[in-house]
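Chains as they are written, first to last, in the numbering used here: chain Z, 3 to 405; chain P, 29 to 240.
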């Protein structure tokens, strides 16, 4: 017999009450844990995707849309930009490196991104099989694309105009899979990457070109287009002048990934804050419920407590007993909440993966979860404080004389 | 074993207990008699060390209870006093054997499962060790309460109205059982009762008058 065994026997003796308190606490903890996991992984993922990209240049339009379309591949592009202007930008002394993107087609919901090998290199892509493209219409597919479409090396597929299914199919120019990437936890997982010339070839019919054997020569310079440019600055000073230069002197729009992602987080943040407040309300109502349960238990148990004193228990032992009971409830609630939170995150991850959106996993732990557990334990102890104090003050003789 | 001198207890200004003197030697068996309201329960609480009288001295097992404070008094109670309450008050959430182990733990004694089982066996409760109190008959529950009181081998065994609401046969049984258990651990036995049937069975009587 000890405090833990005794507390546990009391919790077991009131299963419904105990279950309610544990559940309330667990739901609060689970909600916060789920929010933590989701926002943490989302931010982590978005930061990784935008890493090393100082500026994105696209057609005039919303900077947010440019970032969403060119970095995260979650939105449609604002339009196209002339190849000649892109060339000028790449030669600007403030630009260290430029990666062009030619977008517009997709295959079964996965983006086809025409670019240069620099793009793969930028994300440190590694091949699970095959190689990079060497000529137009050779494609490298991300791990998620391979898993979902079942395409392997050497298989062919037709791109579809637009981003969803049901667009106009480019039947004349099938892509061939020549490489499959390892899963990297970046946007590459969900992309089909090819040379930008491939995209030009596929859309050559718009310019009435039938022979596509050397697309660079056959397209006039004015007919060549990119969708967006990913830039890396040559100098920190560029941040002050390059975006302004582009916005004022060209027909293009510059967008800062750092700024736009921060803006995006602050918008999402409002919703997260509301949910977090809701979860805190849950946790504190759980605390209140634990308090009421222990307070009532105090009344039901006043004889038990008095009898324990006659058996030699010190007041501090009784106080410890009730505090431990609050703590035990909180501990079970927190453990269940953690499990539920991670379970929910895993389920959410599966749902989102099916929708080919962001990836969230429940098999990740973040350090802030310890704070949530601490909070739950604190609430448990706090709720037990007044009942514990009353137990401490039990008047043995008066209690026993009444019964 | 205990000696009470000029013990008074007031409650809300009314005197509820008056004992001019009462001495008992170790191992003696006593009845504390008196009508309802004569302070039997109050005196029992004084003897048990859970009530400090308003005046007078109570020396129990060589210790002056008035001089003992806090944790020392709790420890003294656990080690020396066994009490069987009128309304038993077993721990409903614990099994019978755990009720006994709780008693050992709270008294600061080693938790001796063999001793607990031996006491239960002596009270014909060996097969009830794992039962919960609510599964027991009143007679069984009362024997568990006795077992809990004697498991730590107290020097003073107290019982509050143990025979009320019992028929004659059961009354005699319970009395014999308390006497036997007290004798087994050499405890002084004090039974508070207003039950006239028990008078003839225990020769030492301390009679409380109606409250003044």
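Here a beta-carbon is modelled for each residue, glycine too, at the ideal position from N, C-alpha and C. Note that the structure is a prediction, hence the values are computed from the model and not measured.
| query | result |
| --- | --- |
| Between residue 217 of chain P and chain Z, is the shortest Cβ-Cβ distance under 8 Å, so that the two count as touching? | no |
| Would you say residue 183 of chain Z and residue 96 of chain Z are within 8 Å of each other, going by their C-beta atoms? | no |
| From which residue to which residue does the beta strand (DSSP E) around residue 407 of chain Z run? | With chain Z covering 3 to 405 only, the question about residue 407 of chain Z has no answer from this structure. |
| Where does residue 74 of chain Z fall in DSSP's three states? | coil |
| Determine the direct distance from the alpha carbon of residue 43 of chain P to that of residue 240 of chain P, and round the result to whole angstroms. | Residue placement at residue 240 of chain P is poorly supported in this model, since its pLDDT is 42, which falls under 50; the coordinates are not used for a value here. |
| Roughly how many angstroms separate the alpha carbons of residue 82 of chain Z and residue 207 of chain Z, rounded to a whole number? | 17 Å |
| Taking DSSP as the reference, what is the three-state secondary structure of residue 254 of chain Z? | strand |
| Determine whether the Cβ of residue 291 of chain Z lies closer than 8 Å to any Cβ atom of chain P. | no |
| Cβ of residue 15 of chain Z less than 8 Å from any chain P Cβ? | yes |
| Drop a sphere of 10 angstroms on the beta-carbon of residue 293 of chain Z, count the other beta-carbons inside from all chains shown, and report buried for 16 or more, exposed for fewer. | buried |
| Can the beta-carbon of residue 256 of chain Z be found closer than 8 Å to that of residue 244 of chain Z? | yes |
| Is it buried or exposed for residue 108 of chain Z, if we count other Cβ within 10 angstroms and need 16 for buried? | buried |
| Decide yes or no for the touch test of the segment 129-144 of chain Z against the segment 173-187 of chain Z: beta carbon pairs closer than 8 Å, at least 3 of them. | yes |
| So is residue 139 of chain P in contact with chain Z if we call contact Cβ pairs under 8 Å? | yes |
| Can you tell me whether residue 220 of chain P is buried or exposed, with buried defined as 16 or more other CB within 10 angstroms of its CB? | buried |
| Do you know how far the Cα of residue 350 of chain Z is from the Cα of residue 209 of chain Z? | 45 Å |
| List the residues that DSSP assigns as beta-bridge partners of residue 188 of chain P. | P:220 |
| Give a yes or no on whether the minimum CB-CB distance between residue 275 of chain Z and chain P is below 8 Å. | no |
| Within the chosen definition, does the segment 150-164 of chain P reach the segment 97-107 of chain P through at least 3 CB pairs nearer than 8 Å? | no |
| Could you check whether the Cβ of residue 240 of chain P sits closer than 8 Å to any Cβ belonging to chain Z? | Reliability fails at residue 240 of chain P, whose pLDDT of 42 lies under 50, so the model's placement of it is uncertain and the value that follows must be treated cautiously. Chain Z contact via Cβ: absent. |
| Leaving out the 5 sequence neighbours to the left and right, which residues in its chain are closer than 8 Å to residue 103 of chain Z when beta-carbon positions are compared? | 72, 115, 116, 117, 121, 198, 228, 229, 230, 231 and 232 |
| What do you reckon, are the CB atoms on residue 285 of chain Z and residue 378 of chain Z nearer than 8 Å? | yes |
| Count the other C-beta atoms from every protein chain shown that fall within 10 angstroms of the C-beta of residue 397 of chain Z, then say buried if there are 16 or more, exposed otherwise. | exposed |
| Is it buried or exposed, residue 142 of chain P, if we count other Cβ atoms within 10 angstroms and call 16 or more buried? | exposed |
| Around the C-beta of residue 188 of chain P, are 16 or more other C-beta atoms found within 10 angstroms, so that it is buried, or is it exposed? | buried |
| If you pair each beta-carbon of the segment 312-319 of chain Z with each one of the segment 125-142 of chain P, do three or more pairs fall below 8 Å? | yes |
| Please state the DSSP three-state secondary structure of residue 3 of chain Z. | coil |
| What do you get for residue 57 of chain P, buried or exposed, if any count of 16 or more other CB atoms within 10 angstroms of its CB means buried? | buried |
| Does the CB of residue 41 of chain Z have a neighbour CB from chain A at under 8 Å? | Any reference to chain A falls outside this structure, whose protein chains are Z and P. |
| With a cut-off of 8 Å on the beta carbons, I'd call residue 36 of chain P and residue 49 of chain P a contact; round off their distance for me. | Going by Cβ atoms, the distance from residue 36 of chain P to residue 49 of chain P rounds to 12 Å, so no, they are not a contact pair. |
| Run through DSSP, which three-state label would residue 374 of chain Z get? | helix |
| When DSSP builds the beta bridges, which residues end up paired with residue 406 of chain Z? | Residue 406 of chain Z cannot be examined here, being either before or after the span of chain Z that is shown, 3 to 405. |
| Using three-state DSSP, classify residue 239 of chain P as helix, strand or coil. | With a pLDDT of 47 at residue 239 of chain P, under the threshold of 50, the modelled position of that residue is not reliable, and no figure is offered here. |
| Would you mind giving the Cβ-Cβ distance between residue 73 of chain P and residue 399 of chain Z, rounded to the nearest angstrom? I have them listed as a contact below 8 Å. | 4 Å |
| Mind checking whether residue 112 of chain P and residue 128 of chain P have CB atoms under 8 Å apart? | no |
| Let me make sure I understand the geometry here. Which of Z:101, Z:22 and Z:161 has the alpha-carbon closest to that of residue 338 of chain Z? | Z:22 |
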